[in-house]
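Worksheet: one structure, shown below.
Residue numbers (the numbering used here): 1 to 156.
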């Protein structure tokens, strides 16, 4: 259920949670516990939609266990072995640059929406603007490349 947003990393002994832009270590386990609470609440809401009273009672009996912190802690601990990730999974594509509003593929210069499947941990607070222009930056590149246009274009 949470495979796309919460994964356990055994070598760090921590959960990593995707926040919609990047993956981050859940240092004290609060984010994962919040996900478990959300699931517990969703189960109660779902129980209200079950029309058959016997089925609803049976479902509620199990759902009420999720309201107990001890039960959620046990579930979270047991879930560590389901779909664990290695730290090597993160930031594998060195050509992906995560900005505040998009992920930039540095090979093509194109922006695309953030994706949990990129497994990016780092993010820049910069907002990507494909129309941005800086005369001073272009001058700097020209100076550094000793006015070699081909190398300057490659560097950019």
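No residue lacks a Cβ here, since even glycine has one placed at the ideal position from N, Cα and C.
Same chain, Cβ closer than 8 angstroms to residue i, neighbours up to 5 away in sequence not counted
i, result
"residue 142", "152"
"residue 124", "97, 98, 99, 100"
"residue 11", "86, 87"
"residue 50", "56, 59"
DSSP beta-bridge partners of residue i
i, result
"residue 104", "97, 111"
"residue 17", "6, 24"
Terminal residues of the alpha helix (DSSP H) in which residue i lies
i, result
"residue 34", "30-47"
"residue 152", "149-155"
"residue 137", "135-144"
Cβ-Cβ separation, residue j to residue i (assumed contact under 8 angstroms), whole Å
i, j, result
"residue 75", "residue 36", "6 angstroms"
"residue 92", "residue 59", "Rounded, the Cβ-Cβ distance is 41 angstroms, inconsistent with contact."
"residue 22", "residue 104", "Not quite, the Cβ-Cβ distance comes to about 13 angstroms (not below 8 angstroms), so this is no contact."
"residue 85", "residue 32", "At roughly 14 angstroms, the Cβ-Cβ gap does not stay under 8 angstroms, so residue 85 and residue 32 are not in contact."
"residue 14", "residue 26", "6 angstroms"
"residue 155", "residue 145", "6 angstroms"
"residue 147", "residue 83", "The pair is not a contact, with the Cβ atoms about 53 angstroms apart (cut-off 8 angstroms)."
Contacting residues, own chain, Cβ-Cβ under 6 angstroms from residue i (five flanking each side not counted)
i, result
"residue 114", "21, 103"
"residue 41", "none"
"residue 112", "103"
Cβ neighbours of residue i in the same chain (closer than 7 angstroms, five flanking residues each side left out)
i, result
"residue 5", "17, 18, 116"
"residue 164", "Outside the displayed span of the chain (1 to 156) sits residue 164, for which this structure offers no information."
"residue 2", "35"
"residue 107", "95"
Open item on the list: At 3 residues or longer, what runs of the beta strand (DSSP E) sit wholly inside the stretch 59-99?
Closed with: 96-98
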